[in-house]
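Remarks on the structure that follows.
Protein chains: 2
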Amino acid sequence: MDRVKMADVAREAGVSAMTVSRVINGKGYVSDETRRRVLRVIERLGYRPSGIARGLATRRTGTIGLVVPDVANPFFADVARGVEESAYAEGYNVFLCNTDEDPQRELAALGSLEERQVDGLILCSSRLTEDELHKVVARHTSFVLVNRRLVGARTHSVLLDDEAAGRLATQHLLRIGRRAVGLVAGPETSHSGQLRAKGYRAALAADGLPYYPEWVRPCAPTASGGRQATLELLSNHPELTGLVCYNDLVAVGALQAAKDRGCQVPADLAIVGHDDIPLAALVTPALTTCRMPRYELGTRAVGLLLEQLDSSAEPSAEIVLSPELVVRASAPGPPETEP
Amino acid sequence: MDRVKMADVAREAGVSAMTVSRVINGKGYVSDETRRRVLRVIERLGYRPSGIARGLATRRTGTIGLVVPDVANPFFADVARGVEESAYAEGYNVFLCNTDEDPQRELAALGSLEERQVDGLILCSSRLTEDELHKVVARHTSFVLVNRRLVGARTHSVLLDDEAAGRLATQHLLRIGRRAVGLVAGPETSHSGQLRAKGYRAALAADGLPYYPEWVRPCAPTASGGRQATLELLSNHPELTGLVCYNDLVAVGALQAAKDRGCQVPADLAIVGHDDIPLAALVTPALTTCRMPRYELGTRAVGLLLEQLDSSAEPSAEIVLSPELVVRASAPGPPETEP
DNA sequence: TATAATCCTGTTAGCGCTAACGGAAACGTA
DNA sequence: TACGTTTCCGTTAGCGCTAACAGGATTATA
Chain G
1 MDRVKMADVA
11 REAGVSAMTV
21 SRVINGKGYV
31 SDETRRRVLR
41 VIERLGYRPS
51 GIARGLATRR
61 TGTIGLVVPD
71 VANPFFADVA
81 RGVEESAYAE
91 GYNVFLCNTD
101 EDPQRELAAL
111 GSLEERQVDG
121 LILCSSRLTE
131 DELHKVVARH
141 TSFVLVNRRL
151 VGARTHSVLL
161 DDEAAGRLAT
171 QHLLRIGRRA
181 VGLVAGPETS
191 HSGQLRAKGY
201 RAALAADGLP
211 YYPEWVRPCA
221 PTASGGRQAT
231 LELLSNHPEL
241 TGLVCYNDLV
251 AVGALQAAKD
261 RGCQVPADLA
271 IVGHDDIPLA
281 ALVTPALTTC
291 RMPRYELGTR
301 AVGLLLEQLD
311 SSAEPSAEIV
321 LSPELVVRAS
331 APGPPETEP
Chain U
340 MDRVKMADVA
350 REAGVSAMTV
360 SRVINGKGYV
370 SDETRRRVLR
380 VIERLGYRPS
390 GIARGLATRR
400 TGTIGLVVPD
410 VANPFFADVA
420 RGVEESAYAE
430 GYNVFLCNTD
440 EDPQRELAAL
450 GSLEERQVDG
460 LILCSSRLTE
470 DELHKVVARH
480 TSFVLVNRRL
490 VGARTHSVLL
500 DDEAAGRLAT
510 QHLLRIGRRA
520 VGLVAGPETS
530 HSGQLRAKGY
540 RAALAADGLP
550 YYPEWVRPCA
560 PTASGGRQAT
570 LELLSNHPEL
580 TGLVCYNDLV
590 AVGALQAAKD
600 RGCQVPADLA
610 IVGHDDIPLA
620 ALVTPALTTC
630 RMPRYELGTR
640 AVGLLLEQLD
650 SSAEPSAEIV
660 LSPELVVRAS
670 APGPPETEP
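Chains G and U, in that order, are what the protein sequence lines are.
Numbered according to the working numbering, the first sequence terminates at residue 339, and the numbering increases by one at each position without gaps.
Numbered according to the working numbering, the second sequence terminates at residue 678, and the numbering increases by one at each position without gaps.
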């Protein structure tokens, strides 16, 4: 039992395949009577056009490739959701490739998507070297980087202002009177982590406070990484009254470490995370955190990509999305002051 | 600048396009010398075959469609990861469609995937009616249902034993001496929820305990739904010493409700969740839960799908995956007994 | 040496659709 | 009425690859 082809519909409707194509694509001219006749046959035969054949003829597949390091990470899941819903609304389908944080997997996925002739590519938090990334970008006319910049390339990017996030988190602690504020910094190789640390230092300087490197600890980007780094920090520096954490997962580890040491949160130690993943609101005490608009990362990336598809030789564009402080029990806001 | 075609490679290598195809696909006979010459030209020109053209000629696209209700839900994210990694290992790419729990979106996604001529479809936790589902299945030769059964259809399914999960969770509480065990049941329309409730009742009966309907409360499948239902249960039935919860999110809500009422967990009230999402290990106290092998749901679904693709007219197969109890602080195990 | 099988390569037709163009009829305007 | 424009439909060629077959050369065996 073969699939119904346009030629089958054409024969039954007594028109050419090209007329059927015109009806389906709403192009050119078709009389109302002819259109009705064709649509009736389409309905009766249950015809569905072949996107494959269409892609070959038009050199457009109506697909977008999205490459993410780990779809089970709530951060990337939200980006994927943003991409998928925006793309779907514009009639595109998304090929999602998960690379398990492996650059080799990433290169393979990109190659595979090229063979499938996706109309454009969105590459999220790439783990490739700058060299590799330049080569990849050169092969595609429509490409958007998410959460990564590439200097010297005609590439669109959607970024998060990680420096502002680090500053905002630190400022909040300073504003509620915490003067001994440490940083659980995440992986030393993390570009986001470095920018958040820069924001931390900038907030201290803006308040005229000294920066103590011994109050800063790198860690794995996991709850247990955060727990361990916090235990070490608190045991060497019991004077700390606040902690800025690389992300919410690390902050949950810090909560656990505080409990391990009989430290009350927020009374003895106030804690601030980053990202506002769903977990942040569900732990006790709920986390104060810098919310990063992940879903919007996805939707804006699609926006940029579609602009590229609709026009040619655009100069590269860069969108930077700003964080927003979400105040919860782990670091409550300052007391209300009378106006 | 046009993409390099097989014909370009053929011209430079001084062979026909068909020989290039043979080299690329490792089919038929090609002399070593010719193969080397062709591969050199492929490398030099940076040729990548068109998967689109190949799909049209071979009627195989090397793609699998996966439809999930919410990719940001950790349950489905893990299924997606399992599918993607298994498929990738077999040389397939996955089209992931997110339906936002909307049956109309689901039907649209399925139609779209049909046009793209995916080689097979995996439909996860479908929200379609039985009628609708029958119609969808009839259009595809290769189809796998995940976490849903369809009676009267030649369809493969991969299922979770939700009844066993409910039984296991309840048995654990009974084993640690909790005789007044309630159930926060999740949505009344949830098939999984109904099976877990059945398992709860079976475990009570197996211990010769009476079933009290007033100890059972439906709720939304969210933390706040769980919190509210638990508050109501505890206020009407302060005699309860244990709670089985529909899933981990609902169980976190129950933790919050217990704290609201000054109830110590597990001393006054032991709590068990379902699914073992990452959150379960990160809250305090960490949740005892029934771990459902979501990643394996995905990998087994791909396995079944590939079997279908490799042979014809297979009878329908059904795989049922079993839960596993993960004991944590919210409901610790029984004290060790001397052998 | 004759025959059959294997190796190697090229040619042909087709997968299912669409861009581009052409021809005819109908319509609008001067 | 003549001319230009619009509407309507069909034909042609092609998108980039591959299944199937054919023809010639080489190898193995009786």
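In this text, a Cβ means the ideal position worked out from N, Cα and C, and glycines have one as well.
Listed by chain order, chain G residues near residue i by CB distance under 8 Å
i, result
"isoleucine 391/U", "Ile52, Gly55, Leu56, Thr61, Arg116, Gln117"
"serine 432/U", "What sits at residue 432/U in the sequence shown is asparagine, not serine. Phe95, Cys97, Ser112, Leu113, Arg116, listed in chain order."
Per DSSP, the bridge partner or partners of residue i
i, result
"serine 496/U", "Leu484/U, Glu657/U"
"arginine 105/G", "In the DSSP output, where bridge partners are listed per residue, arginine 105/G has none listed."
"asparagine 93/G", "Thr63/G"
"isoleucine 461/U", "Leu405/U, Val483/U"
"arginine 556/U", "Val523/U"
"asparagine 73/G", "Answer is none; asparagine 73/G lacks a bridge partner."
"asparagine 575/U", "In the DSSP output, where bridge partners are listed per residue, asparagine 575/U has none listed."
Beta-carbon contacts of residue i that lie in its chain and below 6 Å, excluding the five residues immediately before and after
i, result
"leucine 405/U", "Val422, Val433, Leu435, Ile461"
"valine 327/G", "Thr288, Gly333"
"proline 408/U", "Thr438, Glu440, Ser464"
"arginine 639/U", "Val497, Ile658"
Exposure of residue i, with buried meaning 16 or more beta-carbon neighbours within 10 Å
i, result
"threonine 402/U", "buried"
"proline 335/G", "exposed"
"valine 641/U", "buried"
"threonine 129/G", "exposed"
"tyrosine 550/U", "exposed"
"arginine 375/U", "exposed"
"alanine 205/G", "exposed"
"glycine 581/U", "buried"
"asparagine 247/G", "buried"
"threonine 400/U", "buried"
"threonine 397/U", "exposed"
"serine 322/G", "exposed"
"arginine 294/G", "buried"
"glutamine 443/U", "exposed"
"glutamine 603/U", "exposed"
"methionine 1/G", "Its pLDDT being 42, under 50, methionine 1/G is placed unreliably in this model, and the value from its coordinates should be taken loosely. When all chains shown are included, methionine 1/G counts as exposed."
"valine 181/G", "buried"
Cutoff 7 Å; reference residue i; Cβ partners in own chain excluding five residues on either side
i, result
"leucine 378/U", "Val362"
"glycine 564/U", "Cys558, Val589, Gly592"
"proline 678/U", "Model confidence at proline 678/U stands at a pLDDT of 43, short of 50, so the residue's coordinates are unreliable; what they give is reported in the following sentence. Nothing listed; no residue qualifies."
"glutamate 188/G", "Pro218"
"isoleucine 42/G", "Val9"
"alanine 419/U", "Leu405, Val407, Val410, Leu435, Gly637"
Amino acids of chain G, ordered along the chain, whose beta-carbon sits closer than 9 Å to that of residue i
i, result
"glutamate 424/U", "Asn98, Asp100"
"valine 622/U", "Val252, Leu279, Leu282, Val283, Thr284"
"lysine 598/U", "Thr284"
"proline 413/U", "Ala72, Pro74, Ala77, Pro278"
Own chain partners of residue i with C-beta closer than 8 Å, once the 5 adjacent residues on each side are dropped
i, result
"aspartate 599/U", "Arg566, Leu570"
"alanine 536/U", "Gly505, Leu522, Ala524, Val555"
"aspartate 8/G", "Leu45, Tyr47"
"valine 283/G", "Val252, Leu255"
"valine 30/G", "Thr19, Arg22, Val23, Val38"
"glycine 51/G", "Thr61, Gly62"
"serine 451/U", "Cys436"
"serine 481/U", "Asp458, Gly459, Leu460, Leu644, Gln647, Leu648"
Start and end residues, beta strand (DSSP E) containing residue i
i, result
"glycine 532/U", "Glycine 532/U -> not in any beta strand (DSSP E); alpha helix (DSSP H) instead, spanning 530 to 545."
"arginine 630/U", "627 to 630"
"leucine 582/U", "581 to 584"
"aspartate 275/G", "270 to 275"
"glycine 521/U", "520 to 523"
"valine 326/G", "324 to 326"
Contact set between residue i and chain U, taken where Cβ atoms lie within less than 9 Å
i, result
"alanine 164/G", "Here the premise fails: no neighbours, minimum Cβ distance about 25 Å."
"arginine 48/G", "Gly450, Glu453, Glu454, Arg478"
"alanine 203/G", "Per Cβ cutoff of 9 Å: no residues; alanine 203/G is ~28 Å from chain U at best."
Extent of the continuous alpha helix (DSSP H) to which residue i belongs
i, result
"isoleucine 24/G", "17 to 25"
"alanine 693/U", "The first residue shown for chain U is 340 and the last is 678, placing residue 693/U beyond what the model contains."
"leucine 648/U", "633 to 649"
"valine 475/U", "469 to 477"
Under 7 Å from the C-beta of residue i: neighbouring residues of chain U
i, result
"alanine 80/G", "Val410"
"alanine 223/G", "Leu621"
Closer than 7 Å: residue i CB and nearest the ligand NAP heavy atom
i, result
"arginine 149/G", "As far as ligands go, the structure on display features none, and thus does not contain the ligand NAP."
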